Amino acid sequence: MKVAIIEDEPLAAEDLEKTLGQVDPDAEVVAKLASVQEAIEWLDGNDVDLILSDIELGDGLSFDIFNEVENTAPIIITTAYDQYAIRAFKENSVDYLLKPIDKGELERAIEKYKHYRQNGQEFDMGNLLEVLKPYSDQKFQERFLVTLGEKIHSIPEEEVAYFFSEDRYTFLVTKKGTQHIINTNLGDLEGSLNPKKFYRINRKFIISYASIQNMVSYSKSRVKIDLVPPPPNSMEVVVSVERSGPFKRWLND
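Here the working numbering is used: the first residue of the sequence shown is 666, the next is one more, and so on.
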C-alpha cells in the first residue's frame, strides 16, 4: 500500500509515518508533502493508494490541492475542527483523526480503508470538497475596533493577548497590557478568530497561544494558566473540565 502524507509540520509527519509503520508494516510512505504547491506538483504525476492529509497547510488548505489535481485515492483527514465538521468529514472521507494521532485510532482507520477497498467502494472527491468548502471560504478577523474617549483605534490581531468577559462586558487585552471594551460577546468572537492562534478555555476567557506563560495541572484534570500580561484583579485562569482534553490537543497541533 503506497501512502502519501500531506503535513506541513516535519515532526508531525515523521510521527505519523512511524505510527503508520507500527499499525501496518506493509504501508510504504512514498511522499511527505509539506505544502499545497508541493502536493499539487507531486500528485499530478504520481498515484498512491491512500492519502493522510492535514487540512491547514502553510500556503493554504488541502482542499486547494484536490481542486487542482484529479485524485481517486481515499483520504484520511488529520486535523482539529469542531464536532459538526468531524461528523461531516467522517461521512465523506475514510476517517477523521484528531491530533495528536492515537495509534489505536489510526489502526482502526487503516482497517476501515482496507474494508472500503475490499468492498469495491469508490471514493467521491466531489462530496468531500463540498464539505470542505465552507472552511475554505472562512475569513478570520484580523483587526478590532476600539474607542478611547473620542478617539478610534484599530488593533491588529497580532497585538491581542486575550479576551475576557466580566459584568456583561467583553474586554480585549493587548500584549502591552492595555484593556479595551469591545462590542462583541465571546461566543461571536470564538467563531471569528483563527483557531490556530486563539482558544476558548472557559466561559470567561479566549486566549492566544502567545499569551501563555506557564501551565500547571489543577484539580479534576483541569489546567491552570499564567497569562502574560496577567489578568486584572488577580483573576484565576483555569481551563474548564470539558475543554481540557481538546485544549491539550490544540497545544500539540
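We put the CB at the ideal spot given by N, CA and C, even for glycine. Since we're looking at a predicted model, the values are computed, not measured.
- Under the criterion of beta carbons closer than 8 Å, T737 and L717 do not qualify as touching, at roughly 16 Å.
- Between the beta-carbon of V825 and that of F805 there is about 12 Å, and that puts the pair past the 8 Å contact cut.
- Assignment of I741 by DSSP, reduced to helix, strand and coil, places it in the strand class.
- Counted as a single uninterrupted DSSP element, the alpha helix (DSSP H) harbouring Q702 occupies residues 701-708.
- Under DSSP, the beta-bridge partners assigned to F863 are S873.
- Relative to the Cα of K768, the nearest Cα in the group E823, L837, K683 belongs to K683.
- Between I730 and L762, the gap from beta carbon to beta carbon reaches 8 Å or more.
- If you draw a 10 Å sphere on the C-beta of T812, you find fewer than 16 other C-beta atoms in it, and that means exposed.
- In the DSSP assignment, Q806 is bridged to no other residue.
- 8 Å or more divides the Cβ of M666 from the Cβ of L722.
- Taking the Cα positions, Y864 is about 11 Å away from S876.
- Nearest Cα to V906 within the set E855, H845, G710, V888: V888.
- Cβ neighbours of E807 within its own chain (closer than 8 Å, five residues either side excluded): P821, E822.
- Listed in chain order, the non-local C-beta contacts of S882 below 7 Å within the same chain comprise V888, local neighbours out to five positions each way being set aside.
- The bridge partners DSSP lists for N879 are D891.
- In this structure, I890 lies near M880, with their beta-carbon atoms less than 8 Å apart.
- The straight-line gap separating the alpha-carbon atoms of I671 and A677 is approximately 10 Å.
- Per DSSP, S830 is one residue of the beta strand (DSSP E) stretching across 825-831.
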